[in-house]
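Below: one structure, written as structure tokens.
Protein chains in written order, with the working numbering: chain Y, -7 to 370; chain U, -7 to 370.
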């Protein structure tokens, strides 16, 4: 039996200008453009091996060792688009095996616990699309592939690139112009770092898919956000990235996180993702910046209570010095030389703030999807 | 020594359409109109006795037994306006004593603990203005007096009326058209009730005066709220009151509370008044309404974590049945016949939710300021 195989890893990305709201639910077309930073795959990545053979009898998907349904229309849409592109390749060269007609076996694993509550679907769909694209030897046009990943999970399109990535919302109803593009590669600003505080929470969050549509349908402030606030901020944030202006980039990042959570709260019934610990972390970062007299750290929160704190390496001793002072009891500090940190104390901070956090992940900006020889098997 | 004396009580009011933002800080002119319900003075009121005599040597103010400074420009502005109106009265009748030239002694007491965190400044300034107006025998034009109370504390102007009250923002730069008016008297809808859950909080809230100006200056969503959202809601809410349509009134009340807290969160740095307990109460009320298939209870939160829950007496057995089920351990139930309550349980509610609440105050819609023979002395 001949089996064709390819493996790719793909990264997690954390938006600094948030995607919240779809104008087309089946195509995952957003109501606004967004921007993200791709995180290092050393710490957070999905590895996916795609195999195909004329002998395979059905499409199959294993996620973290578990056989998953492939019936979801989102996954189906991705496979269909990729097969269509492969068929085009095949039609131009009759000698190629007709992989587009074979069934696929896809095996996928994350190197981080799903339980951490970090959105893994972005890395998952990016790795799925990348590995099948490699398997099918499709042209390496990442923006083109990003449109396929987008159909799987909106924010997945941004995980097709490393560094700083924009998802341009587009205007067409078929979504052909709603794609990810590179704002700047990793090499442009390689010193950008991220500390993720995984915040414990007893309640189940509103899933982002239903949450965003509740906001679209009920928030009185939402239309103003997508029509006025985000378009201006999108241009400003791209400029701040090009200029490597951390102060501006950080301010815009924090403001957009707050704006996103504000329209969640303005939904009816209101949606809450930030809890009391999230709020304490927000205050801590504002106080650190105040103490420094400039913005050296910036928080952002997705659809959950976890904090992602961006900073430039040049300020690592202070930013991690603050975090270590309050969160030293958590796992996640092993990789750091603690003697290089400056202890930073903020008056009035709750000494038990660490109790609301389960772990810290210290990582940095990273590359886009990578081909690998590592093969996952079942 | 001849001493002239008058006493008045004045109520607390809780906004259902929120006042948040000043366009003129010294005159307390708001960026939007607001609406409130006046609460019963049986449960919450300020009693103020104003005295004046040619023998008094300086203006003095005692609040809850403590001598307070009268140097605040806000209190001074109130006294100045009241003396001016008295001088007009005196000029039309030469036989009247020249009280406008005498010093004032003002003694004021709340019948509720200030520690409860219930905005007492509204009742305080309303009682101060009412008692001096009585002392001075000023014409009984409450909208006129509301402009004076407004200079003391913006929301105080709404405590000059009972029932449902609108504070019309006005347009003039001198504030002469920024005044409270009656939307409907207590007698129009006397069955409206309020349950106040006093939520414990470890942190000090951002004071509302500085908080609202931070929002005015930094929130990108705020302008949309005051220009588009509130003006439409103001008209809709007045209609719902006239129609005694609790479902509509309740929906608008909850939406406006959320909108106000959303623009607080959209401020920079963000302002948080709701804590995790507040959020649990919000969810509880939405689930109760869902269970009933209609809105029978509506929450609203001011610049703090305390919940005020409005409902109509016709649904008291269910609304208090729910609250008693989760908050029976708190003080405040003494006045109620508990046998008349229907136990209402909401699946998934944290049984320890009561631990975040210190007391419950069960009250109802009430009258405006009342003259009284009760005299406070030092």
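Cβ atoms here follow ideal geometry from the backbone N, Cα and C, with glycine treated the same way.
query, result
"Smallest Cα separation from residue 160 of chain Y: which of Y/9, Y/122 and Y/257?", "Y/9"
"Going along the chain, which residues of its own chain have a beta-carbon closer than 7 Å to the beta-carbon of residue 293 of chain U, five neighbours each way excluded?", "249, 253, 265, 266, 270 and 299"
"How would you call residue 5 of chain Y, buried or exposed, if buried means at least 16 neighbouring beta carbons within 10 angstroms?", "buried"
"With DSSP run on the structure shown, which of helix, strand or coil describes residue 332 of chain Y?", "helix"
"Mind listing the chain U neighbours of residue 262 of chain Y? Cutoff is C-beta to C-beta under 7 Å, in chain order.", "250 and 274"
"Starting from the N-terminal side, write out each stretch of the alpha helix (DSSP H) that is 4 residues or longer and does not extend beyond the region 90 to 144 of chain U.", "113 to 127 and 134 to 144"
"Take residue 184 of chain U and list the residues in its own chain whose beta-carbon comes closer than 7 Å to its own, dropping the five residues that flank it on each side.", "29, 302, 304, 356 and 357"
"Please state if the CB of residue 134 of chain Y and the CB of residue 152 of chain Y are separated by a distance shorter than 8 Å.", "yes"
"Can you tell me whether residue 158 of chain Y is helix, strand or coil according to DSSP?", "strand"
"Can you check whether the C-beta of residue 254 of chain Y is within less than 8 Å of a C-beta belonging to chain U?", "yes"
"Taking CB distances under 8 Å as the criterion, tell me whether residue 349 of chain U reaches chain A.", "Going by chain labels, chain A is absent from the structure shown, which instead holds the protein chains Y and U."
"Thinking just about the alpha-carbon of each residue, which of U/42, U/20, U/234 and U/3 is nearest to the one in residue 169 of chain U?", "U/20"
"Once the 5 residues before and after residue 176 of chain U are set aside, which same chain residues still bring their CB inside 7 Å of it?", "155, 156, 233 and 234"
"State the DSSP-derived secondary structure class of residue 263 of chain Y, mapped to helix, strand or coil.", "coil"
"Between which two residues does the beta strand (DSSP E) harbouring residue 210 of chain U extend?", "Counting along the chain, residue 210 of chain U falls outside any beta strand (DSSP E), though it belongs to the alpha helix (DSSP H) covering 200 to 210."
"For the alpha helix (DSSP H) containing residue 300 of chain Y, list its first residue and its last residue.", "Segment 299 to 304 is the beta strand (DSSP E) holding residue 300 of chain Y; no alpha helix (DSSP H) there."
"Could you please tell me which residues of the region 208 to 228 of chain U, in chain order, have their CB closer than 7 Å to any CB of chain Y?", "212, 213, 216, 217 and 221"
"For residue 207 of chain Y, count neighbouring C-beta atoms within 10 Å of its own C-beta (all shown protein chains included) and say buried if the count is 16 or more, exposed if not.", "buried"
"Would residue 306 of chain U and residue 289 of chain U qualify as a contact pair, given that the criterion is a beta-carbon distance under 8 Å?", "no"
"At the level of alpha carbons, what is the spacing between residue 104 of chain Y and residue 37 of chain Y?", "7 Å"
"So, is residue 365 of chain U buried or exposed, given that buried needs 16 or more other C-beta atoms within 10 angstroms?", "exposed"
"With respect to the alpha helix (DSSP H) encompassing residue 66 of chain Y, which residues constitute its N-terminal and C-terminal limits?", "65 to 83"
"Using a cut-off of 8 Å between C-beta atoms, extract the partners of residue 278 of chain U located in chain Y.", "261"
"Determine which residues share a DSSP beta bridge with residue 362 of chain U and list them.", "U/1"
"Check whether chain U comes within 8 Å of residue 31 of chain Y, counting only Cβ atoms and requiring the distance to be less than that.", "no"
"Tell me, to the nearest whole angstrom, how far the beta carbon of residue 352 of chain U is from that of residue 319 of chain U; I am working on the premise that it is less than 8 Å.", "6 Å"
"Between residue 171 of chain Y and residue 139 of chain Y, how many whole angstroms is the CB-CB distance? I'm expecting something under 8 Å.", "5 Å"
"Between the alpha carbons of residue 78 of chain U and residue 143 of chain U, how many angstroms are there, rounded?", "18 Å"
"Could you check if residue 187 of chain Y is buried or exposed, using at least 16 other CB atoms within 10 Å of its CB as the buried criterion?", "buried"
"For residue 286 of chain Y and residue 131 of chain Y, I'd like the C-alpha separation in whole angstroms.", "45 Å"
"Determine the chain U residues that contact residue 247 of chain Y at a beta-carbon separation under 7 Å, and present them in chain order.", "260"
"Taking the continuous alpha helix (DSSP H) assigned at residue 225 of chain Y, which residues delimit it?", "222 to 234"
"Against chain U, does residue 240 of chain Y count as a neighbour if the rule is that its beta carbon must be under 8 Å from one of theirs?", "no"
"Of all Cβ atoms in chain Y, is any one closer than 8 Å to the Cβ of residue 283 of chain U?", "no"
"What residues from chain U crowd round residue 268 of chain Y, counting only those whose CB sits closer than 7 Å?", "267 and 268"
"Exposed or buried, what is residue 201 of chain U when buried is set at 16 or more other beta-carbons lying within 10 Å of its beta-carbon?", "exposed"
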